[in-house]
Amino acid sequence: MSADGSIERAWGDGEHKFRLSIKYLRELQDKCKAGPAMLFTRLQTGQWMVDDIRETIRLGLIGGGMPSVEALVLTVRYVDDRPLMENVGMAIEILGAALVGVPDDQPVGKAVPEETPEMDGSASPNYTAQGPSLVGTLAS
21 MSADGSIERA WGDGEHKFRL SIKYLRELQD KCKAGPAMLF TRLQTGQWMV DDIRETIRLG
81 LIGGGMPSVE ALVLTVRYVD DRPLMENVGM AIEILGAALV GVPDDQPVGK AVPEETPEMD
141 GSASPNYTAQ GPSLVGTLAS
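Just so you know, we're using my numbering here: the sequence shown kicks off at 21 and counts up by one.
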C-alpha cells in the first residue's frame with residue numbers, strides 16, 4: 021500500500037496493483053453513470069450493476085500500471101467468466117482505497133502519529149494503532 025491510494029492484492033492469477041486516480045475515477049463514473057461515492061454505496065449495499073464491479077476492477081488494474089489489453093484479458097477471465105459476487109469485495113477495496121485511502125496513507129503535508137488515542141474511561145487516553153475503515157464510510 022502507498023500514499024497514492026493504491027493497493028496490492030492477490031486476485032485472479034497473482035498479486036496485482038490497483039489504483040483509481042482522478043483520471044480513472046472520471047472514466048469509471050462515465051461508464052457506470054454514477055459518481056464514485058454513489059458507486060461505493062451501491063457496491064456496499066448490494067445495489068450494484070454489473071459494470072460497477074467489472075469496470076472498477078479493470079480500470080483499477082490499468083491505473084495500477086497494467087497495460088489495458090492485459091487488464092481486459094484478466095477482467096474477462098476473472099470477472100466476466102466467474103460469479104459476480106466473487107468480485108464485489110475486491111471492487112469495494114479498490115474504490116475505497118481511492119476514496120478514503122488505505123491504512124498506511126498519511127495526509128498531505130502532515131505527519132501522522134503511529135498511534136491514535138482511545139479513551140477507556142480514565143483521565144488519560146490509551147494509545148492503540150488503528151487504520152481507517154473502508155466499510156460504511158460513505159454509505160452512511
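For glycine and all other residues, C-beta sits at the position ideal for the given N, C-alpha and C.
- DSSP places Ala30 in the strand class (E or B) of the three-state scheme.
- In the DSSP assignment, the residues bridged to Lys37 are Glu28.
- Under the DSSP assignment, Leu94 falls in the alpha helix (DSSP H) whose first and last residues are Ser88 to Thr95.
- The DSSP-derived three-state label of Gln67 is coil.
- For the pair Arg74 and Thr95, the Cα-to-Cα distance works out to about 7 Å.
- DSSP places Ala111 in the helix class (H, G or I) of the three-state scheme.
- When the alpha-carbon of Val70 is set against those of Ala30, Glu28, Lys51 and Gly83, the nearest one is in Lys51.
- Contact annotation: the segment 44 to 58 does not touch the segment 101 to 108, with fewer than three C-beta pairs closer than 8 Å.
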